Amino acid sequence: MIIKKTNTILLLFLTFCGMIFGQQKEINTPQISLLSSQNEFVAGDAIVLKFNTKTDAIFSLYCSNSYGSTIVNSEKINEGISFKLPDYFTQKRGAIHWKVFENKTVILEGNIHIKPKENSASLEMYLGPPSIEAGGIDYTMLVTIPTDSLDNPLPKNSKVAVKTQFLKDEKETEIQTNNLIAYYNIYAPLKSGRMLLSTQHQNKNSKEFDVNIVPAIPKNFTIFYNRNHDYADGNQITTFYTSVLKDKNNNVVSDGTFVYFFITTRENAVLKTFGQTINGVAKAKMIHPDKAENWAVKAFIDGISESNSIKINYQQAIKDFDVVFKNNNTNIKVGPFKSFMNQMIPDGLKVTLTVSQKNKVIKVYHNETNKGFANFILNKNFYKKGKYSFTIKAAGLVQNFENISLW
Amino acid sequence: MVKINKILIRTILICSYILLSAILVFLISGVLSYLNTGADRSKLLHTQVKKENIYTPEFIWKKDGNEGRAISQQVLNEVENNYLDAWYLKQLAYRENSKTGIDDFYTKNARKNLYAIIDHNLKNKTYVIATSLSHHPDILFYSEDGQLIILEDKDVVEYKKVFQNQKLVLETTEQSDYKHILLLEDGFWRIRHTVRKNIKTYNKEIQKTQTDSLLIKGINYYPQKTPWDMFGDDFDENIIAKDFDIIKKAGLNSVRIFVPYEDFGKAVLKEDKLEKLKTLLDIADEKKLKVVVTLFDFYGNYDVLDWTLTYKHARGIVSKFKDHNAVLAWDLKNEPNLDFESRGKKNVFAWLENLLILIKTIDTNHPVTVGWSDIESATILSDKLDYVSFHYYEDLEDFETEYQKLKTKITNKPLILQEFGLSSYGGFWRPFASSEESQALYHKTIQKVLNKHKIHFMSWTLYDFEEVPTSVVGKLPWRTNPQKKFGFIDSNGKKKAAFEFICE
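Chains as they are written, first to last, in our numbering: chain A, 1 to 407; chain B, 1001 to 1504.
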């Protein structure tokens, strides 16, 4: 009775051991037994499973690893038979499951555990995103897969050093592998610039990687303007420019940041011009108005920041102009247009002539000045003989002529 | 006069000019539009993806979050597709020992491992036909730039048949855990590393399900107008309700129906078909009839790489109706032993066994059976099934002894005589072979035996049919015509003499 009990305990213990080590189990009557008890190997070690058997039956070995399965044929040895696992089976980390079988019946089965080699041979490194925003909030992730010379990921808790260099700062941090990889989040410093990274495991170093630390979004800014004179001559150009655009950590924003300038005129019309930053300053230009104006200008970086609003006044440059009617009043010569120093204005001032009869507009003519004058020639075939009124507009000035007879 | 002529000539000239121009414009535009046909701009780049379901093992994500970046459903779907494709291509590669397609789903370094095994197997004249039956994937890590994933796949069940020199040498089912590193390359999630652990031989133990205490007195049922096509376009719930009334009134308590595999949409079940099946079960429930649902009707492939599709089909149906009150039992397949010769007994057997395990894991309430075509086959799988069903179309006189013989072989399982009957056909193609009287006599006799031994039975069938599809018994008239006359009610709706003995 006692013997039986010890037997049971022994049996239980053996089963327990079997469970713990993933050892071979016996199925059916054992005609064959495993000689070698080693079930942990280092990748690359030759694995030969030796079995003690007296029967002449032809056994084969089935084995499967992480990638596939195959059959190995037996070789005769003194004690019985042996199976030499193919090289590529012994080289990959993970469990190998084997079954010795004969005539479709599995006689013995077991597991072998293959550990990766101790030394790393390569450090595959993945880094992304490649550029991050300065300011300590944004980060990039470095993922490294340290592998041994047979391309097996190293075991859990392998130590990897992450080295970073930024400006005068050189740092080294230690991380550990888990789930085949080790990763580390690198938070952006306050300054913009370029950070260099590398990893090291034991004596193996990865190659150099870099991360661009780009400036964050700019803060609100101020704008200025610059012009030759303050006359509304419709010809000169006013240049608007911004202060140096900086993010909250005083990094100058990246070149090419778009800045839109919105100009609100006296009549509440909105004009738009834009420029891109170079060294933090964006410049945009706008031609002078041709009549007296009070402009309000404000700049925006779409959805990000805005400037103060500035006011610009333009004074009237053209004080008055003459109108001469010739050729039965069908040829109308407007001008000369003289600017602030009594010089002829440059070509291209817009002049509008409206012909109407009994408060009904018949035709509107647009023309531009040439050498200080604008000419309008009315087609005799179009107008019936009669009295017409003429309105001429230019540079914000209006002149009316009533009861002008054509023909 | 001259003036009018002039105007006339001018008009004619102008009109003919306009007409000529119109014809020219019409012709040129015709040529242009002809040249423009055929090319649909949206299809120029072949951007549309035609995806067919080819590999559908059980795939249950464990969505418990992951380290790194939060993963979106879309990425998860892409990973699932690519990962399953990787498995499928691996199975194909080891089956054919060819390297086609491996490079799409394994990175350059990972491929080498598969190629080495393929080369070795080629040299050894070994090949492996395998499939995976279930996956329990879990994303452990997703990198911030969305290019790297650590995927753990637990309790992967793989069925493998290993061949050497064209002979099957080993059949094995393994269960193991995998850990993969996947990299996003060229828009594909490719496997970079794989580490397998915790391998064990899959435990095929099957839980027994308590069978119903009911003494089954049933009938195999097809509507009279739509035999072998019950869930087609002519599905009519009124007809079914009326027929179920007839069956119930005749004293029967159950029916056996058939779910055709392809008609129901194979792996991707058609919603309308499921709805029809539900209607039928609801009617049965209402009329207090129990239903034996026979799956995989008209299926006959059993190829290992086809398993995942069939199992998805079974998962869909069984999980939908596992709580339905009308279901009496699941019949895995009608007469699978008839495919033993053409498809290999081992194939069919392994398919059935794994299907049985699958259904048992989903539905623990309903018993499972297989409708073997003869009494000799009834012992197959009998230790694992809850009901042992067999069909009997042999000599009536031998039935009682045959039954008792079987009873001694299978002592612990209820037996169902799941199909039996006699055709009343005695026409041109088989003159004097049978008649309505001999059919009635047949049923009268067998009912006595059934009653004597309290045998569960389901007779074939309620109606005489006007048409029998060629896929059932072929085209030969001396086969199809008798097949039409097995009913208790003739094609005009008149009860035949045998109806009296439909149930003792």
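In this text, a Cβ means the ideal position worked out from N, Cα and C, and glycines have one as well.
Keep in mind the model is a prediction, meaning the values are calculated, not measured.
Measuring only the C-alpha atoms, how far is residue i from residue j?
i                 : j                 : result
VAL435 (chain A)  : VAL72 (chain A)   : Absent from the structure is residue 435 (chain A), since the part of chain A shown begins at 1 and ends at 407.
LYS1448 (chain B) : HIS1366 (chain B) : 29 Å
LYS942 (chain B)  : THR1379 (chain B) : The requested residue 942 (chain B) does not occur in the structure, where chain B is confined to residues 1001 to 1504.
GLU1058 (chain B) : LEU1133 (chain B) : 6 Å
LEU1406 (chain B) : TYR1115 (chain B) : 51 Å
GLY372 (chain A)  : LEU1020 (chain B) : 55 Å
ALA1022 (chain B) : LYS363 (chain A)  : 39 Å
PHE1141 (chain B) : MET141 (chain A)  : 12 Å
ASP1233 (chain B) : SER1373 (chain B) : 29 Å
GLU1500 (chain B) : LEU1422 (chain B) : 15 Å
THR15 (chain A)   : GLY110 (chain A)  : At THR15 (chain A) the pLDDT is 42, less than 50, meaning the model places this residue with poor confidence and gives no usable figure here.
CYS1503 (chain B) : GLN1210 (chain B) : 25 Å
ALA399 (chain A)  : ASP255 (chain A)  : Sequence inspection shows Gln at residue 399 (chain A); the Ala mentioned does not correspond to that position. Rounded to the nearest angstrom, the two C-alpha atoms are 50 Å apart.
THR1172 (chain B) : TYR1127 (chain B) : 14 Å
ALA1267 (chain B) : ALA1314 (chain B) : 8 Å
LEU1035 (chain B) : CYS1015 (chain B) : 30 Å
LYS393 (chain A)  : VAL297 (chain A)  : 27 Å
GLU1436 (chain B) : GLU1335 (chain B) : 27 Å
THR1361 (chain B) : ILE107 (chain A)  : 29 Å
Please confirm if residue i has its CB atom under 8 Å from at least one CB of chain A.
i                 : result
GLU1144 (chain B) : yes
TYR1094 (chain B) : yes
ARG1513 (chain B) : Outside the displayed span of chain B (1001 to 1504) sits residue 1513 (chain B), for which this structure offers no information.
GLN1175 (chain B) : no
ALA1116 (chain B) : yes
VAL1128 (chain B) : yes
ILE1068 (chain B) : The amino acid occupying residue 1068 (chain B) in the given sequence is Gly; Ile does not appear at that position. Yes, GLY1068 (chain B) lies at the interface with chain A (some Cβ there is under 8 Å from its Cβ).
ILE1181 (chain B) : yes
LEU1076 (chain B) : no
ASN1113 (chain B) : yes
ASN1354 (chain B) : no
If we cut at 8 Å on Cβ distances, does residue i have a partner in chain B?
i                : result
ASP151 (chain A) : yes
LEU14 (chain A)  : Note that LEU14 (chain A) has pLDDT 41, beneath the 50 cutoff, so the model's placement of it is unreliable and no number is given.
SER82 (chain A)  : no
LYS104 (chain A) : yes
ASN205 (chain A) : no
VAL143 (chain A) : yes
TYR187 (chain A) : no
ASN28 (chain A)  : Any reading at ASN28 (chain A) must be qualified, since the residue scores a pLDDT of 47, below 50, and its modelled position is unreliable; no value is offered.
GLU109 (chain A) : yes
LYS156 (chain A) : no
HIS201 (chain A) : no
ASN39 (chain A)  : no
TYR183 (chain A) : yes
LEU197 (chain A) : no
PHE300 (chain A) : no
Hey, is residue i close to the ligand NAP, as in C-beta under 7 Å from one of its heavy atoms?
i                : result
LEU245 (chain A) : With respect to small molecules bound, the structure shown includes none, and the ligand NAP cannot be examined in it.
Checklist line | Continuous alpha helix (DSSP H) assignments of at least 4 residues falling wholly in the region 1057-1100 of chain B | finding: If we require 4 residues or more, the alpha helix (DSSP H) runs fully inside the region 1057-1100 of chain B come out as 1073-1096.
Note to self: Pairs of beta-carbons, one from the region 1234-1246 of chain B and one from the region 1467-1485 of chain B, closer than 8 Å: are there three or more?
What the structure shows: With the cut-off at 8 Å, the region 1234-1246 of chain B and the region 1467-1485 of chain B do not touch.
Notebook entry, point to check: Could you give the uninterrupted runs of the alpha helix (DSSP H) lying entirely in the region 1376-1413 of chain B, keeping only those of 4 residues or more?
Noted result: 1399-1409
Margin query: So if I threshold CB-CB distances at 9 Å, which residues from the region 66-95 of chain A count as touching chain B?
Written below: SER66, TYR67, GLY68, SER69, THR70, ILE71, VAL72, ASN73, PRO86, ASP87, TYR88, PHE89, GLN91, LYS92, ARG93, GLY94 and ALA95
Notebook entry, point to check: If contact means a Cβ-Cβ distance below 7 Å, which residues of the region 112-140 of chain A contact chain C?
Noted result: Any reference to chain C falls outside this structure, whose protein chains are A and B.
Notebook entry, point to check: What residues from the region 1356-1387 of chain B come within 8 Å of chain A, judged by C-beta to C-beta, listed N to C?
Noted result: The residues in question: there are none.
Check: For the region 1147-1175 of chain B, which residues have a CB atom closer than 8 Å to at least one CB atom of chain A, in sequence order?
Finding: GLN1147, LEU1148, ILE1150, GLU1152, LYS1160, VAL1162, GLN1164, LEU1168, VAL1169, LEU1170, GLU1171, THR1172 and GLU1174
Next item on the list: Report yes or no: do three or more beta-carbon pairs, one from the region 193-213 of chain A and one from the region 302-318 of chain A, lie closer than 8 Å?
Entry: no
Next item on the list: Could you name the residues of the region 1194-1219 of chain B whose beta carbon sits closer than 9 Å to any beta carbon of chain A, in the order they occur along the chain?
Entry: THR1194, VAL1195, ARG1196, LYS1197, ASN1198, ILE1199, LYS1200 and THR1201
Notebook entry, point to check: Are the region 1082-1100 of chain B and the region 36-55 of chain A in contact at 8 Å, needing three or more beta carbon pairs?
Noted result: no
Check: Counting pairs of Cβ atoms below 8 Å between the region 1243-1253 of chain B and the region 1296-1315 of chain B, do you hit three or more?
Finding: no
Margin query: Report the start-end ranges of each beta strand (DSSP E) in the region 225-286 of chain A that is 3 residues or longer and not cut off at the edges.
Written below: Counting only runs of 3 or more, we get 237-242, 258-264 and 270-278.
Notebook entry, point to check: Is the number of C-beta pairs between the region 1487-1504 of chain B and the region 1461-1471 of chain B that are closer than 8 Å three or more?
Noted result: yes
Next item on the list: Check whether the region 1195-1209 of chain B touches the region 1115-1126 of chain B, counting contact only when three or more Cβ pairs, one atom from each stretch, lie closer than 8 Å.
Entry: no
Next item on the list: Evaluate contact between the region 1069-1088 of chain B and the region 1175-1192 of chain B, counting only Cβ atoms and requiring at least three cross-stretch pairs below 8 Å.
Entry: yes
Item checked: Residues, ordered as in the chain, of the region 1100-1112 of chain B that lie near chain A by beta-carbon distance below 7 Å -> ASN1109
Notebook entry, point to check: Quick one, which residues of the region 1308-1339 of chain B are near chain A if we go by CB-CB under 7 Å, in chain order?
Noted result: none
Notebook entry, point to check: Quick check: the region 183-194 of chain A against the region 1150-1157 of chain B, are there 3 or more CB pairs under 8 Å?
Noted result: no
Note to self: Using a Cβ-Cβ cutoff of 8 Å, what residues of the region 42-59 of chain A are near chain B? List them in chain order.
What the structure shows: So the list is empty, because no residue satisfies the distance condition.
Notebook entry, point to check: Where are the beta strand (DSSP E) runs, 3 residues long or more, that stay fully inside the region 1296-1364 of chain B, in chain order?
Noted result: 1327-1334
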